[in-house]
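Numbered by this note's numbering, the letters in the sequence shown go through residues 1123 to 1305 in order.
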Amino acid sequence: MFTFDHERVSDGPAITNLLNIVFGTDRLGKASYALRQNIAPVESLCQVVRCGDQLAASIRFWPTVISDLLSGARHNALLLGPLAVDPAFQGYGIGSKLVGQTLSAASALGHQRIILVGDVCYYGRFGFVPTLPSYITLPGGRDARRLLVKQSALLPSLPAVGRVEPIAQAVPAEAQSELLMAS
Ligand SMILES: CC(C)(COP(=O)(O)OP(=O)(O)OC[C@H]1O[C@@H](n2cnc3c(N)ncnc32)[C@H](O)[C@@H]1OP(=O)(O)O)[C@@H](O)C(=O)NCCC(=O)NCCS
């Protein structure tokens, strides 16, 4: 029996363990992690799936902006990820339900543009498409080919040349170590 629930502070160590298993400990060097460092996730959209006492899956969202490198305009974009399902529980529809539910919740909160770094063969089913031919890079200029977007048709197109940047916000010092541990 799976339970979908809001992430709690006490889930941090289990989420870190899950991410280590699914993505490895070298994940922290990826460009998308530069967007999360010292940034608080959007708490209301961070969800977990439990199977009894065990953590089966986790999803998080982060505030970012896409800077238009030609005009200087800035466009809000919510970063989805990481999404991880414990290998023991993969293939049971957990990932699909988690993504579907949280995208609906994000939409209800008014978020009209979601981005992520991932495979279109998985995320395409939720309406994500490559940001190419717009050339939108992550910190360090990396990952443009795997950057996907799902946005409201009412929004203007992505900039032709842009860069995803973290939204600077003050995170209390005591919360920073928890966030980094749990990333
Ligand atoms: C990818 C992931 C989140 C999917 O969660 P899940 O609960 O196992 O997936 P679901 O049961 O909801 O959906 C299964 C479907 O996803 C597909 N799928 C799973 N992993 C996939 C991948 N890496 N690429 C493409 N499709 C994938 C399955 O083929 C299946 O397709 P079907 O519905 O047409 O049969 C999970 O397997 C995971 O954490 N994997 C490790 C990380 C990873 O591989 N990420 C790659 C995507 S960027």
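Note that beta-carbon positions come from the ideal geometry of N, C-alpha and C, so glycine has one too. What you are looking at is a predicted structure, and each value in this text was computed from that prediction instead of being measured.
Just so you know, the alpha carbons of Phe-1248 and Gly-1222 end up roughly 7 Å apart.
Under the three-state reduction of DSSP output, Asp-1175 falls in the coil class, being neither helix nor strand. When beta bridges are read from the DSSP output, Pro-1255 appears opposite no residue. DSSP places Pro-1209 within a helical segment (H, G or I) once states are collapsed to three. Spanning the alpha carbons of Leu-1141 and Pro-1209 requires a straight line of approximately 11 Å.
Thr-1186 sits close to Pro-1288, with the two beta carbons spaced by under 8 Å.
Shortest Cα-Cα distance from Leu-1157 to any of Arg-1172, Ser-1166 and Trp-1184 involves Trp-1184. Apart from sequence neighbours up to five positions away, the residues of its chain that approach Pro-1261 with a beta-carbon distance below 6 Å are Ala-1153 and Ala-1156, ordered along the chain. Taking the Cβ atoms as the reference, Gln-1234 lies roughly 20 Å from Leu-1205, outside the contact range of under 8 Å. When only Cα atoms are considered, Gln-1212 and Ser-1193 end up about 43 Å apart.
Per DSSP, the unbroken alpha helix (DSSP H) holding Thr-1138 starts and ends at 1134 to 1145.
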